[in-house]
Structures are given as structure tokens and as C-alpha cells.
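From first to last, the protein sequence lines stand for chains E and G. For the working numbering, add 39 to where a residue sits in the first sequence, where the first one is 1. For the working numbering, add 795 to where a residue sits in the second sequence, where the first one is 1. Written below as C-alpha cells is the structure these notes are about.
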Amino acid sequence: MHELSIAVELVQTVEEAARQANAASVSRVSIALGALSGVDADALQFAYDVATAGTLLEGSILDITAVPIQVTCSACGSITTLPAYVPLICGQCGEAAVRVTQGKELLISSVEVLDAAESA
Amino acid sequence: MQPRVLEIRKGILDKNDQLAAGLRTRFHQAGVYTVNLVSSPGAGKTEMLEQTLSMLRERGMHTAALVGDVATDNDARRLARSGVPVRQIVTGGNCHLEADMIERHLEDWNLNTLDFLFIENVGNLVCPASYDLGEDLRVVLLSVTEGEDKPLKYPAMFNSADLALFTKMDIADAAGFDRQAALDALQAVHPGLPCLELSARTQAGMAAWINFLLEARKAAISARDEES
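Listed below in C-alpha cells is the structure:
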């Protein structure tokens, strides 16, 4: 249920941008999904098909790039990428004195549109 | 026949984030300290909030509460027993509160008269994590019956919180609650997350929670004054 409202929000934002760009339809939407965003990629993919029906995005591809968790350590100063949510410790020195600097994204990175003559 | 690329670097939840930022500004201008309470269903948010509202009122604070539920206004009725203004947000199916719901339900409330605004979110450890409501403090409740590894199972939520509360501590022994395991789980997903323990039923730990709130509000108000 939750991914559906995220998908609907995504579709509305992209459709508005496509209309403003005078596009006839959208062929691909690329998003960045952080590991700590709280949104599941598979569920979002499924919800996307439902949410795009009847819109300029119908039939378009949703391209999801997973963004891993990156932390900055205040103990040793390193910036490391973590392989899993837990434990949230520095990949370099193992201290828990870290701040999440990447991994919470729910971001539209780019949109591919087709103009009238090219649309099916 | 090349598709055109539109460079849009936009957060999917930008609309909510913008509304939330607007609320945050309004709250700051009115001198209100806003708290978003999240937890799984049944962790004790309402019971704890009812006690909190009464105790703050006794300390001379002006408080109000918004409570979100999928159905019924039972929680608003319970909270109203504390004597402070309370409004129920019935989501009718939505599993979390969003900034626009908060904005709508604040209509005709004079925020300038409030010291604290509490928002009791829909019981859910998944979805509310992604929705900023303009709050100053996000508090996640974990009751002693839920399992010490809850934080590990819901990393986004526990990572987004500013404070954790262990609730129903009066039945911790009966529930076989492993306090250290729960604390370790919290630290694994959110190193340095402060944690308080309480029982709304026996009032154990409630005074420390109230003091935390009063101090947090004082600190926030002076930080805002320094900024302006």
C-alpha cells in the first residue's frame, strides 16, 4: 500500500514535468533508491505499473538504482560504504561514531520522453 | 527517434518535504516545540501521551495533540481526558500521516498559544519513516513485549528517530525483556541514539521524560533565537 502512494507521487511529478516540456509520452524514469529510504524496490516496481496506467507514463520503464549506505566517521575521518544496514559502524575503524551521508534517497534522477511524432 | 532526456533531480517526496518545511517554519515562528510519536500498533503511544499531556499541563505548559488512526476517534477521546485540545486525524486507509494532513488539521488553532504540539502517528514502523511532518523531535517507542531485535528489523525508522523510549517497563520481567539486547540493537542501527525507559501505567521514568522534553524545548527555542 505504501509503495503505491510513493508510485502515485512519482507519476504525478514526472507527468507534470513531461507536460511542461511539451512531451507526448514518457519512455523511461530513472530513480535512486537509498537502502535506508524505507521503500522496497520490488514493491515499487509493481506499484509503478498500477500507478502509470492511463497516464503519460503508461508503458514506460522504471529504472531503479540502489544507493548503498555511506557513512562518515568522526573517529577516523573515513567515508565508507556499508554492505548492510547493520551494524552502522565505520568500515575503516569499526567505531560507531558515524553519520549517514548517503542511503536515504528517494530521488528522480532523469526522465526520458518522446515527442508527438515518435510516440506509438 | 531519440528520446529526449529531461534532467530532473527531484525528491519523490519533495511535495511532502516542502509542506513539512513550511510547517517547521510556522512552528518555529509561533514558539511551538513539535514531537512526532511513532511505534508499532499497541506499543503504548496513547497511554504515554495522555500522561505526558497531563504532566506538562501541571508544569504550566500549553499543549495540544493531533492523533492519527486509520479508523475511529477513540484515541482523541482518550487524550481529551487530559484537558488539552486534541484532534483526531482519520486516514481512512492511509498507513501513515503526511504533512498536508497535519496542515489541514491545524486550521483555526492559534499556534502562538502553544508550547508543545504532539503528533501521535499511525501505529506503523515502516511508512512513517519517510514522511517529515515538520517536527522538532521524532520519538520511537518500543514496548517490552515486542522483541529486542525490532530496531534491526526496522532500520529506516529507528535511524530516523531522535530518541527511543522503552515502554511498559512495569511488565519487563514478565515479558522476559532483555534490556541490554534492545539497547545493543538500537546502537547497531543508530549509534548514539538516546534512550529513556518508562511505564505510563506506574509513572516510572515519566518525570525524566518530561524533563527531557522541557530541556529539549528550551534548547530549541534558544537555538532559534540565535538564528534570527
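Glycine residues also receive a C-beta, built at the ideal position from the N, C-alpha and C atoms.
Under a criterion of Cβ atoms nearer than 7 Å, no residue of chain E is adjacent to P880 of chain G; the nearest Cβ is some 29 Å distant.
For E151 of chain E, the uninterrupted beta strand (DSSP E) run begins and ends at 145 to 153, by DSSP. Nearest neighbour of H900 of chain G by Cα position, chosen from G:T908, G:L912, G:P923, turns out to be G:L912. A959 of chain G is a Cβ neighbour of L981 of chain G, given a cutoff of 7 Å. Collapsing the DSSP output to three states places K805 of chain G in a strand. At a cut-off of 7 Å, the C-beta of S835 of chain G has no neighbouring C-beta in chain E.
For secondary structure counted as the beta strand (DSSP E) over 3 or more consecutive residues, the segment 911 to 997 of chain G holds these complete runs in sequence order: 911 to 915, 932 to 938, 958 to 962, 990 to 992. Q824 of chain G sits in a helix when the DSSP states are folded into three classes. By the rule that beta-carbons nearer than 7 Å mark a contact, V917 of chain G does not touch chain E. Taking C-alpha positions only, L101 of chain E is separated from P798 of chain G by approximately 15 Å. Closer than 8 Å at the C-beta level to chain G, one finds no residue of the segment 82 to 97 of chain E. With 16 or more neighbouring CB atoms inside 10 Å of its own CB, P950 of chain G falls in the buried class. Cβ neighbours of L153 of chain E within its own chain (closer than 7 Å, five residues either side excluded): A62, A63, S64, S66. Closest in alpha carbon position to E134 of chain E, among E:V110, E:V78, E:E55, is E:V110. The beta-carbon distance between I108 of chain E and L83 of chain E, rounded to whole angstroms, is 18 Å. This is too long to meet the 8 Å contact definition. A distance below 8 Å between beta-carbons, with the five flanking residues on each side excluded, links Y124 of chain E to the following residues of its chain, in chain order: A74, L75, I108.
For E802 of chain G, the closest Cβ of chain E is nearer than 7 Å. It is roughly 9 Å from the alpha-carbon of I118 of chain E to the alpha-carbon of T140 of chain E. G142 of chain E counts as buried, since at least 16 other C-beta atoms from the protein chains shown sit within 10 angstroms of its C-beta. With fewer than 16 other beta carbons inside 10 angstroms of its own, G837 of chain G counts as exposed. Counting only residues of its own chain and dropping the five nearest sequence neighbours on each side, V89 of chain E has a CB closer than 8 Å to the CB of L43, A46. Here F953 of chain G is near V935 of chain G, since their CB atoms are less than 7 Å apart.
Less than 7 Å divides the Cβ of L146 of chain E from the Cβ of G806 of chain G.
Annotation: the continuous alpha helix (DSSP H) that includes L851 of chain G extends over 840 to 853. In the same chain as N907 of chain G, and ignoring 5 residues on each side of it, the C-beta atoms closer than 6 Å to its own belong to A825, in chain order.
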